[in-house]
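Trainee: This is the structure I have questions about; it appears just below.
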Amino acid sequence: MGNRSFSGQRVIVTGASQGIGEHIAVGFAKAGAKVALLSRRQEKLAEVKSRYPALAEALILTADVRDDAAVNSAVASVVEAWGGVDVLVNNAGGSFKAMAKDLSPRGFAAVMNINLLGPYVMSKAVFPVMEAAGGGVIVNIGSVAGRDSSPGMVAYGASKAGLVNMTRTLAAEWGQYGIRVNTVAPGPILTEAAKDVLYGDDPDRIAHAGKTRAVGRLGDPSDIVEAVLYLSSPSASFVTGATLYVDGGPTIQTVE
1 MGNRSFSGQR VIVTGASQGI GEHIAVGFAK AGAKVALLSR RQEKLAEVKS
51 RYPALAEALI LTADVRDDAA VNSAVASVVE AWGGVDVLVN NAGGSFKAMA
101 KDLSPRGFAA VMNINLLGPY VMSKAVFPVM EAAGGGVIVN IGSVAGRDSS
151 PGMVAYGASK AGLVNMTRTL AAEWGQYGIR VNTVAPGPIL TEAAKDVLYG
201 DDPDRIAHAG KTRAVGRLGD PSDIVEAVLY LSSPSASFVT GATLYVDGGP
251 TIQTVE
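With full-length UniProt numbering, letter number 2 in the sequence shown gets 2, and the count goes up by one each step, no holes.
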């Protein structure tokens, strides 16, 4: 953790019930922020809150990021409790694996809705609050899948590519209101879920996968937390519309 202080800052983190979102929420709380945890699963949020002393004063918001009414109600609850929103982290997302020839239009739309419509709905909900306050920060959690081809993940890749473009457009439209909008695009991050699903918690498989990265390891959730904290801080006051790839450098080309 760096020495950045977010004392007095009011932060909403979506998809905060597990994985990267959980770690981002804790990172902000440890840096002094007031954190609102948002997810569809209230019981999971309660577990996260109870797990970390830093989140003892966190707000729990139950909402589906695709639901305009539920999202506006959640944001209103934060404003009522704390008087505003300084930072929004759009982390909620999801997908499933299916080759393009087998993926139904309904399945494609479902992934696009959670990964692209959701961040739009959340961003639109906090806009008037940030505008009235003279500024704010939105950080979208993308993926290297939005840049690279991802067989079996056509909808996911398309949604994350769209998120990058939406980030740039919102940054262009909302800069005049003092609102900065950026994307953090993680590569493979070793969350507990990733260990179980992708690597079977096998140290040898994890080490082998890490060798595909220029830095010789897979990502840790703390790598993403630090990137989000940087983009949310005054240190990044001249950064907007950007995509920060936190992926260990797999696309680096070496010339001999």
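Note that the Cβ used here is the ideal one computed from N, Cα and C, for glycine as well.
For a minimum of 3 consecutive residues, which ranges assigned as the beta strand (DSSP E) are wholly contained in the stretch 14 to 69?
Mentor: Those beta strand (DSSP E) runs which fall completely within the stretch 14 to 69 and span 3+ residues are 34 to 39, 59 to 62.
Trainee: Among the residues of its own chain, which have a CB less than 8 Å from the CB of Gly94, if the five just before and after it don't count?
Mentor: Indexing the sequence shown from 1 puts residue 94 at position 94. If we look at Gly94 and ignore the five residues flanking it on each side, its Cβ neighbours are Val111, Ile114, Asn115.
Trainee: Which residues in the same chain as Gly241 place their Cβ atom closer than 6 Å to its Cβ, once the five residues preceding and following it in sequence are excluded?
Mentor: On the sequence shown, position 241 is the one that residue 241 refers to. Closer than 6 Å at Cβ, skipping near neighbours: Arg168, Ala171.
Trainee: Tell me the rounded alpha-carbon separation between Leu218 and Leu190.
Mentor: Numbered from 1 along the sequence shown, position 218 holds the residue referred to as residue 218. Numbered from 1 along the sequence shown, position 190 holds the residue referred to as residue 190. Going from the Cα of Leu218 to the Cα of Leu190 covers about 6 Å.
Trainee: Whose C-beta lies closer than 6 Å to the C-beta of Val225 among residues of the same chain, with five residues either side of it excluded?
Mentor: Residue mapping note: residue 225 aligns to position 225 of the sequence shown, counting from 1. Excluding sequence neighbours, Val225 sits near His23, Ile24, Gly27.
Trainee: What does the alpha-carbon distance come out to for the pair Pro151 and Gly200?
Mentor: To locate residue 151, count along the sequence shown from 1; it is residue 151. To locate residue 200, count along the sequence shown from 1; it is residue 200. CA-CA distance, Pro151 to Gly200, rounds to 21 Å.
Trainee: DSSP three-state call for Val181: helix, strand or coil?
Mentor: Sequence index remark: in the sequence shown, residue 181 carries index 181 (1-based). Correct three-state label for Val181: strand.
Trainee: Leu37 and Val13: beta carbons closer than 8 Å?
Mentor: Within the sequence shown, residue 37 is the residue found at index 37, counting from 1. Within the sequence shown, residue 13 is the residue found at index 13, counting from 1. Yes, they are a contact pair.
Trainee: Counting C-beta neighbours from all protein chains within 10 Å, is the total for Gly212 16 or more, i.e. buried, or is it exposed?
Mentor: Residue numbering aside, residue 212 sits at position 212 when the sequence shown is read from its first letter. Reading off the sequence shown, one finds Thr at residue 212, where the question assumed Gly. That one is exposed.
Trainee: So what does Leu244 bridge to, in DSSP terms?
Mentor: Position 244 of the sequence shown holds residue 244. In DSSP, Leu244 forms a bridge with Val184.
Trainee: Taking only heavy atoms of the ligand GTP into account, decide whether any of them is closer than 7 Å to the Cβ of Gln9.
Mentor: In the structure on display, the ligand GTP does not appear, and there are no ligands present to speak of.
Trainee: Does the beta-carbon of Gly187 have 16 or more other beta-carbons within 10 angstroms, so that it is buried, or is it exposed?
Mentor: Within the sequence shown, numbered from 1, the residue matching residue 187 stands at position 187. It counts as buried.
Trainee: Could you check what DSSP says for Val89 in three-state terms: helix, strand or coil?
Mentor: Within the sequence shown, residue 89 is the residue found at index 89, counting from 1. Note: Val89 maps to strand in three-state DSSP.
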